[in-house]
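Peer 1: Below: one structure in C-alpha cells.
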Amino acid sequence: MSEIKKSKKTRTGSVVSNRMEKSVVVQVERKIRHKLYGKFVKTSVKYLADDPENRCNIGDTVLIEECRPLSKRKRWRVRTILEKAL
23 MSEIKKSKKT
33 RTGSVVSNRM
43 EKSVVVQVER
53 KIRHKLYGKF
63 VKTSVKYLAD
73 DPENRCNIGD
83 TVLIEECRPL
93 SKRKRWRVRT
103 ILEKAL
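Start counting the sequence shown at 23; every next residue gets the next number (this note's numbering).
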C-alpha cells in the first residue's frame, strides 16, 4: 500500500506581534462574498506561528505553513519572509 503524501497548507499574512520568544502572531486577511448581498467583505484570522530564529519583525509579510502541534495554540511555522517592513 503506497501512501500519498499530502502537501502542507500555506497562508500569506503580515506579522502583527513578535513579543514572544520564538513565536509571532500572523494576521491573514481574505475577501469573502456575502451570500445575500454579493458584497465582498474582508475577514481576518490570527495564527500563532513558530519563528525559531526570531527573524520576523512587526509589519513583515510572511509565508506560514502548517506543522505538527507545537503548543496549545501554535500549529504553524514561518517558512519564508516575503517582504521586510521598513
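Each residue gets a CB set at the ideal place from its N, CA and C atoms; glycine is no exception.
Under DSSP, the beta strand (DSSP E) around residue 101 begins and ends at which residues?
Peer 2: Residue 101 -> beta strand (DSSP E) spans 96-105.
Peer 1: With distances taken Cα to Cα, identify the nearest neighbour of residue 45 among 96, 33, 54, 83.
Peer 2: The shortest C-alpha separation from residue 45 is found at 96.
Peer 1: Excluding the five sequence neighbours on either side, which residues of its own chain have a C-beta within less than 7 Å of the C-beta of residue 85, listed in chain order?
Peer 2: Result list for residue 85: 32, 34, 101, 102, 104, in chain order.
Peer 1: Could you give the first and the last residue of the continuous beta strand (DSSP E) run that contains residue 86?
Peer 2: Per DSSP, residue 86 belongs to the beta strand (DSSP E) from 83-88.
Peer 1: Short check: CB of residue 71 to CB of residue 99, under 9 Å?
Peer 2: In contact: residue 71 and residue 99 (Cβ atoms closer than 9 Å).
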